[in-house]
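Numbering-wise (our numbering), the sequence shown opens with residue 94 and increments by one. Where is the CB? At the ideal position from N, CA and C, for every residue including glycine.
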Amino acid sequence: QRQESADGERSCWICFATDEDNCLAAWVKPCKCRGSTKWVHQSCLYRWVDEKQKGNALRSVSCQQCQTEYIIVFPQMGKVASILEAFDNLVKRVSPFLAAGVLVGSLYWTAVTYGAVTFLQIVGHKKGLALMENGDPLILLIGLPAIPVALVLGRMIRWEDAVIRLIRNRRSVARKFPLMSFIIPYPEEDEEQTAQNPVTPTLSDPVSATRIFCGALLLPTISSIVGRLLFESIENTLHRTLLGGLTFITVKGILKIYLKQQQYTRRKKRRIVDYTEENVRNYVNRAGVRQQQQQQQQHGGGNAAAAQNIQPQQALSQQQQAAAQIRNARES
94 QRQESADGER SCWICFATDE DNCLAAWVKP CKCRGSTKWV HQSCLYRWVD
144 EKQKGNALRS VSCQQCQTEY IIVFPQMGKV ASILEAFDNL VKRVSPFLAA
194 GVLVGSLYWT AVTYGAVTFL QIVGHKKGLA LMENGDPLIL LIGLPAIPVA
244 LVLGRMIRWE DAVIRLIRNR RSVARKFPLM SFIIPYPEED EEQTAQNPVT
294 PTLSDPVSAT RIFCGALLLP TISSIVGRLL FESIENTLHR TLLGGLTFIT
344 VKGILKIYLK QQQYTRRKKR RIVDYTEENV RNYVNRAGVR QQQQQQQQHG
394 GGNAAAAQNI QPQQALSQQQ QAAAQIRNAR ES
């Protein structure tokens, strides 16, 4: 009692209650803190420790101020309960590794199945089965799952960007070939346009993981279909599929190069105009009316006559609002 009176009145650092508030509560000094933060209610500290342990009663808990680890004493349990608790803790520790192993194993056998199906599709069903039955199991277990991995890695090679960059750097040489000029049309650039838009648009598009993954896995099937359609005279399934794949990749690459060059030309010729009544009437209102027409067409043709009567009124009101905003801005 003398020690308590010398230290002053006790106050719980969790609930801030004192002896006068609750004279029956049990107190404890669980750490090296001094002053007003050394005392705490046993019940408050139990709740605080339970929140920190998050269901794991054996997890150590320390004071937030002095970092002293609390001394938590548990009563002895029976042998059966101790064995069950040890087994439960072991299961908790091993479960994440088991889950990771099951996930990796599922991915591996999925890759093996996909590799086997792709191998049969490319080589031929009968010939592929004969090769896999007579092949080394270790080579099959390593080679079959490597097929989807190789397809995804090959799909990540963006050779179209390299071709576009090479042709743009050698523009004078590429213009000598009419076909090349059709595939990659070059914008007619003059000094005035270059001065208005001197920034060169970016070449590459953002990478889409889902697009790469789906494109890589569908490539063997598309190659087989293209080979059957265009190279039906070739009896060898492997040669027919390879030719179909090369044809598909080449045509797809040419179309992609053409699209990127058209987008490059459009962005190169873009310009930002002055905010005037004429530009608002020519660009902003036209785009708004066009969007309204598209929305009304999607809803159906039941209200087509009424929509045609409303559209000019909406366009006129938008023009008046834009003109009023411009006048207010000028007056201010």
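What residue from LYS131, ARG127, PRO123 and THR130 has the CA that sits closest to TYR139's CA? Stepping through the sequence shown from its first residue, residue 139 is reached at position 46. The shortest Cα separation from TYR139 among LYS131, ARG127, PRO123 and THR130 belongs to PRO123.
Which one or two residues does DSSP pair with GLU162 in a beta bridge? Here residue 162 corresponds to residue number 69 of the sequence shown, with the count starting at 1. Its beta-bridge partners are SER155.
Supposed contact pair ILE350 and GLU253 - C-beta distance, whole angstroms, cut 8 Å: Taking the first residue of the sequence shown as position 1, residue 253 is located at position 160. Taking the first residue of the sequence shown as position 1, residue 350 is located at position 257. With a Cβ gap of about 5 Å, GLU253 and ILE350 count as contacting.
Member of ARG258, LEU348 and LEU311 whose CA lies at the smallest distance from the CA of VAL245: For the purposes of this step, residue 245 is taken as residue 152 along the sequence shown, with counting starting at 1. Comparing Cα-Cα distances from VAL245 to each of ARG258, LEU348 and LEU311, the minimum goes to LEU311.
With a Cβ-Cβ cutoff of 9 Å, do SER129 and SER155 count as a contact? The sequence position of residue 129 within the sequence shown is 36, counting from 1. The sequence position of residue 155 within the sequence shown is 62, counting from 1. No, Cβ-Cβ distance for SER129 and SER155 is not below 9 Å.
Under the three-state reduction of DSSP, which class applies to VAL133: helix, strand or coil? To locate residue 133, count along the sequence shown from 1; it is residue 40. In the three-state reduction of the DSSP assignment, VAL133 falls in the strand class.
Environment of THR211 [buried if 16+ CB atoms lie within 10 Å]: Along the sequence shown, read from residue 1 onward, the residue named residue 211 stands at position 118. By the 10 Å Cβ count, THR211 comes out buried.
Excluding the five sequence neighbours on either side, which residues of its own chain have a C-beta within less than 6 Å of the C-beta of ALA398, listed in chain order? Within the sequence shown, residue 398 is the residue found at index 305, counting from 1. With a pLDDT of 48 at ALA398, under the threshold of 50, the modelled position of this residue cannot be trusted, and the question is left open.
Report yes if the C-beta distance between LEU213 and LEU222 is below 9 Å; otherwise report no. To locate residue 213, count along the sequence shown from 1; it is residue 120. To locate residue 222, count along the sequence shown from 1; it is residue 129. The Cβ atoms of LEU213 and LEU222 lie closer than 9 Å to each other.
Do SER153 and TYR163 count as a contact pair if the criterion is CB distance below 9 Å? Locating residue 163 in the sequence shown gives position 70, where the first residue counts as 1. Locating residue 153 in the sequence shown gives position 60, where the first residue counts as 1. For TYR163 and SER153, yes; Cβs fall inside 9 Å.
Beta-carbon proximity check, GLY338 vs LEU323, cutoff 9 Å: Translated into the one-based positions of the sequence shown, residue 338 becomes position 245. Translated into the one-based positions of the sequence shown, residue 323 becomes position 230. For the pair GLY338 and LEU323, the CB atoms are not nearer than the 9 Å cut-off.
Should LEU237 go down as buried or exposed, given a rule of 16 or more other Cβ atoms within 10 Å for buried? Sequence index remark: in the sequence shown, residue 237 carries index 144 (1-based). Buried, by the Cβ-count rule.
Please list the segments of the alpha helix (DSSP H) lying wholly inside the segment 210-243, counting only runs of 4 or more residues, in order along the chain. You should have 218-227.
What does the Cβ neighbour count give for ILE250, buried or exposed, with the cut at 16 atoms within 10 Å? For this step, residue 250 is matched to residue 157 along the sequence shown. In this structure ILE250 is exposed. Its beta-carbon is surrounded by fewer than 16 other beta-carbon atoms within 10 angstroms.
Separation of GLN355 from PRO313, as counted between CA atoms: Your numbering for residue 313 matches position 220 in the sequence shown. Your numbering for residue 355 matches position 262 in the sequence shown. So the two alpha carbons sit approximately 29 Å from each other.
Less than 9 Å between the beta carbons of ILE165 and GLY208, yes or no? As a working mapping, residue 165 is identified with position 72 in the sequence shown. As a working mapping, residue 208 is identified with position 115 in the sequence shown. It is not a contact, given that the beta carbons lie outside the stated cut-off.
Residue from ARG379, THR111 and LYS147 with nearest C-alpha to HIS134: On the sequence shown, residue 134 is found 41 positions in, with the first residue counted as 1. Out of ARG379, THR111 and LYS147, THR111 has the C-alpha closest to the C-alpha of HIS134.
Nonlocal neighbours in the same chain, by C-beta distance under 6 Å from LYS219, ignoring five residues either side: As a position in the sequence shown, residue 219 is number 126, starting the count at 1. For LYS219, where only same-chain residues beyond five positions count, there are no Cβ hits under 6 Å.
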